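Scroll down for the structure; my scribbles are underneath it.
Residue numbers (our numbering): -5 to 139.
Here you go:
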């Protein structure tokens, strides 16, 4: 049997906060387009498309900035939340080595939405696939904090 592990946190620390000695930095602006138009094994069609622009921010900013212009898209509020939440989740996982990707701005420049076929699954799928394409195309550097 293995002994139980116990973790002691100081009172002012957040257990879900990212603490690392390094971060990854994007070196150039990249624009990615992704469209999901598939049929799930259950026979349900899913559709969602988006274009994301990934931009490195200046040295003084230390965080993520996911910008979404709500007026330009007819995306329902619940889908807007799912989209930004999915992108934030991808960012927290890092890119090449799992370190946080800082500082970065993601602009959602185009959204293709179909009210009958665009589901939460399609939105999450498109966001994750666009992020994977970004990681494969991106040029990153790893630097200490």
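By construction, the Cβ of each residue, glycine as well, lies at the ideal position given by its N, Cα and C atoms.
The structure displayed is predicted, hence computed values, not measured ones.
Quick check on residue i: buried or exposed, where buried means 16 or more other Cβ atoms within 10 Å of its Cβ?
i           : result
residue 156 : Absent from the model: residue 156. The displayed extent of the chain is -5 to 139, so no value can be given.
residue 38  : exposed
residue 136 : exposed
Among residues of its own chain, excluding the 5 on either side of residue i, which ones have a beta-carbon nearer than 6 Å to its beta-carbon?
i           : result
residue 131 : 24
residue 107 : 69
residue 105 : 44, 67, 69
When the Cα atoms are used, what is the spatial distance from residue i to residue j?
i           : j           : result
residue 72  : residue 49  : 26 Å
residue 77  : residue 103 : 13 Å
residue 43  : residue 119 : 10 Å
residue 81  : residue 40  : 19 Å
residue 99  : residue 46  : 10 Å
residue 87  : residue 36  : 30 Å
residue 110 : residue 26  : 25 Å
Sorted by chain position, which residues of the same chain lie with C-beta nearer than 7 Å to residue i's C-beta, five sequence neighbours on each side aside?
i           : result
residue 123 : 28, 30
residue 32  : 40
For residue i, I'd like the list of residues in its chain whose CB is within less than 8 Å of its CB, leaving aside the five on either flank, ordered along the chain.
i           : result
residue 126 : none
residue 34  : 40, 115
residue 83  : none
Out of the options, which has the shortest C-alpha to C-alpha gap to residue i?
i           : options            : result
residue 101 : 109, 67, 107, 110  : 67
residue 51  : 83, 97, 32         : 97
residue 79  : 109, 121, 110, 105 : 121
Exercise for review: Flag this pair as touching only if the segment 73 to 81 and the segment 103 to 114 have three or more C-beta atom pairs under 8 Å; answer yes or no.
Suggested key: A contact exists between the segment 73 to 81 and the segment 103 to 114.
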